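One structure is given below, encoded as structure tokens.
Number of protein chains: 2
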Amino acid sequence: MFSFVLVFNLRPLLMDFNEKQIQILKVAEKLFAEIGFDGTSVRHIAKEADVNVAMISYYFGSKEKLLEALLLYRVADFKMELETVMVQNLPHVEKLDALVSLMVNRIHRNRRTHKIINYEYTNTCRQIDFDAYVEQKKDSLGIIEAFVKDGQNKGVFKTDVHTKLLGATVIGTYFQVYNNKPFYKKLLGLDSDEAFENYMLTSLTQHIQQTIKSLLLNEK
Amino acid sequence: MFSFVLVFNLRPLLMDFNEKQIQILKVAEKLFAEIGFDGTSVRHIAKEADVNVAMISYYFGSKEKLLEALLLYRVADFKMELETVMVQNLPHVEKLDALVSLMVNRIHRNRRTHKIINYEYTNTCRQIDFDAYVEQKKDSLGIIEAFVKDGQNKGVFKTDVHTKLLGATVIGTYFQVYNNKPFYKKLLGLDSDEAFENYMLTSLTQHIQQTIKSLLLNEK
DNA sequence: TTTAAATTTAAACAAACGTTTAATTTAAAC
DNA sequence: GTTTAAATTAAACGTTTGTTTAAATTTAAA
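Heads up: the protein sequence lines correspond to chains C and S, in order.
All residue numbers for the first sequence refer to our numbering, where the first residue is 1 and numbers rise by one.
All residue numbers for the second sequence refer to our numbering, where the first residue is 1001 and numbers rise by one.
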């Protein structure tokens, strides 16, 4: 029943893309994340996506607009995911865990696009529209802040915390590991990409949950 | 007396660069960090550094080797800084604060180069030698781990911690804020670059110290 | 002052870049 | 079967890329 609302509200906004366009978007996402926006040529994208070079201009207008399309395709509907967690009737501690877990899962799912954003957002020469991304960041931080404030009012959470920086610790810890994958694979003794992937979604997520809980909870 | 050792031990390794070379390195660092390695042309570097384009090949061999030279120029001697903190006779809690503060200050000082590394390290197409960087990472994490283990043996630190991930939380939190500077400037009401800079070295550093202490210390 | 090496320069190089063109094919509507 | 618009193609466009060349200039030692 909920997914119904999601489909009807968001798909029209996001899914004006046909199969071939999505194919291009996915290849672009992979290559932009792996070898950078400037490092990736439209010819490389076209070859990997098995389409003619001109199709990228034909469908998206330009390489920069292709990136903007990718952002819209990936960055939307996070607010909705957040709210499905927030409306649940759970104790603050469990809800906090669920919140962090959702954030890590979400970022992990869209890690490639977020890696691109992390790098391109502060690139002043670029003409990319990051409004959708900034809005998402604002939304998520707003909901976190409200939840933390609520917990503080009810005496469950500590008050001497930099609430506005909690999100940075969650996402930052994730990306520091993800951006240094070869290093952490060696350090943690993970010898396959699957083992690394699994570690990110279990131990790393748990470490981040533990970190945020340590900051917010008084000793049991 | 200590700076003597430093000068005689390290300068020869690092400082085979003349003034003009250092000029090029600093401009390259700025541009690589601001608009990316691929986004920066050697002509742009040459113009900004006020030298002829050919001088970059003449001095460094290639654009990639220029980046390698920059890494060597910036990434060395961290181990030494770490050890000056570790040999101090301080209580574990204070030493932990000093350690985190050193890490943030160090990263902040070399933030541009580290931003470049964060992005280029996992770029598989690149032929850059990151050994110096990886060694530094290993060194710092090794020293942190040993210190934490010592604190745990003495009952000062908790034992249920992902010790190997502490560094990721410290550096990750820093970079998540730094890489989203415009966003956090707005969010935190910092209206100048100086105010942002100041926040990074005070409130943000304090938040990270608090985070690590929350993870490691039992309630007072 | 002469000489040789190091530095600096403008010009040229081929290769790769993002994008556009104009011709051709495909697919659906009539 | 014809018409019409959308999709697809190969080729070409003018720039920009990193790098090299070979000549000119500066520097410093003999």
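Glycine included, each C-beta is placed from N, C-alpha and C at the ideal position.
Since the structure is predicted, the reported quantities are computational estimates derived from the model, not experimental observations.
Does any residue of chain C have a CB that is nearer than 8 Å to the CB of residue 1191 of chain S? no
Sub-8 Å separation of residue 1190 of chain S and residue 1196 of chain S beta-carbons: yes
Using a beta-carbon distance below 8 Å, is residue 1137 of chain S in contact with chain C? Chain C contact via Cβ: present.
Between which two residues does the alpha helix (DSSP H) containing residue 167 of chain C stretch? 166-178 is the extent of the alpha helix (DSSP H) around residue 167 of chain C.
Indicate whether the contact test is met: 3 or more Cβ pairs, each with one atom in the region 1023-1038 of chain S and one in the region 198-208 of chain C, closer than 8 Å. no
Could you tell me whether any Cβ in chain S is nearer than 8 Å to the Cβ of residue 165 of chain C? yes
Other residues of its chain near residue 54 of chain C: CB distance less than 6 Å, five sequence neighbours each side excluded: Within the same chain, residue 54 of chain C has no close Cβ partners at all.
Nearest to residue 218 of chain C (by Cα), restricted to the options C:159, C:90, C:37, C:139: C:159
The alpha helix (DSSP H) enclosing residue 1202 of chain S, as first and last residue numbers: Careful: residue 1202 of chain S lies outside any alpha helix (DSSP H) and carries neither H nor E.
Label residue 146 of chain C either buried or exposed according to how many other C-beta atoms from any shown protein chain fall within 10 Å of its C-beta, with 16 as the threshold for buried. exposed
In the DSSP output, which residue or residues are listed as bridge partners for residue 1217 of chain S? S:1157
Can you tell me whether residue 1050 of chain S is helix, strand or coil according to DSSP? coil
Residue-chain proximity (residue 1175 of chain S, chain C), Cβ-Cβ < 8 Å: yes
Residue 17 of chain C by DSSP, collapsed to three states: which one? coil
Span of the alpha helix (DSSP H), counted from its first residue to its last, around residue 1108 of chain S: Residues 1092-1109.
At which residues does the alpha helix (DSSP H) containing residue 1073 of chain S begin and terminate? 1063-1075
Under 7 Å (Cβ pairs) to chain C, residues found in the region 1023-1041 of chain S: 1034, 1035, 1036, 1038, 1039
Does the distance between the C-beta of residue 167 of chain C and the nearest non-hydrogen atom of the ligand ATP fall short of 7 Å? The ligand ATP is not part of the structure shown, which contains no ligands of any sort.
So residue 219 of chain C contacts chain S; which residues on that side make the cut at Cβ distance below 8 Å? 1218, 1219
Nearest candidate by alpha-carbon position, reference residue 106 of chain C, set C:177, C:171, C:125: Minimum Cα distance to residue 106 of chain C is reached at C:171.
Cβ of residue 140 of chain C within 8 Å of Cβ of residue 71 of chain C? Taking a C-beta distance under 8 Å as the contact criterion, residue 140 of chain C and residue 71 of chain C do not qualify as a contact pair.
Should residue 169 of chain C be flagged as near chain S, meaning a C-beta pair shorter than 8 Å? yes
Excluding the 5 residues flanking residue 30 of chain C on each side, which residues of the same chain have their C-beta closer than 7 Å to its C-beta? 112
Which residue's Cα is closest to the Cα of residue 1132 of chain S: S:1168, S:1085, S:1078, S:1036? Selected option, being the one with the closest Cα: S:1078.
Using a Cβ-Cβ distance cut-off of 8 Å, determine whether residue 1004 of chain S contacts chain C. Since pLDDT at residue 1004 of chain S reaches only 28, below the 50 mark, its modelled position is unreliable, and the value read off the structure follows with that caveat. Residue contact with chain C for residue 1004 of chain S: absent (no Cβ-Cβ distance below 8 Å to any residue of chain C).
In this structure, does DSSP put residue 1130 of chain S in helix, strand or coil? coil
Exposed or buried, residue 1151 of chain S, counting other C-beta atoms within 10 Å across all chains shown (16 or more means buried)? By the Cβ neighbour-count rule, residue 1151 of chain S is buried, with 16 or more other Cβ atoms within 10 Å of its own.
Residue 1147 of chain S in three-state terms, based on DSSP: helix
Less than 8 Å between CB atoms is the rule here; does residue 134 of chain C satisfy it with respect to chain S? yes
Taking any Cβ of chain C, which residues in the region 1090-1124 of chain S have a Cβ under 7 Å from it, in chain order? 1118, 1119, 1121, 1122, 1123, 1124
CB-CB length for residue 1216 of chain S against residue 1148 of chain S, believed under 8 Å: 7 Å
Comparing alpha-carbon positions, which option in S:1091, S:1032, S:1060 lies nearest residue 1110 of chain S? S:1032
Does the distance from the C-beta atom of residue 168 of chain C to that of residue 1173 of chain S stay below 8 Å? yes
Which bits of chain S does residue 62 of chain C rub up against, with CB to CB less than 9 Å? Result: empty, since nearest Cβ-Cβ is about 16 Å, beyond 9 Å.
Counting C-beta neighbours from all protein chains within 10 Å, is the total for residue 136 of chain C 16 or more, i.e. buried, or is it exposed? buried
Counting contacts by CB-CB distance shorter than 8 Å, is residue 226 of chain C in contact with chain S? The structure shown does not extend to residue 226 of chain C, since chain C spans only 1 to 220, so no value can be given for it.
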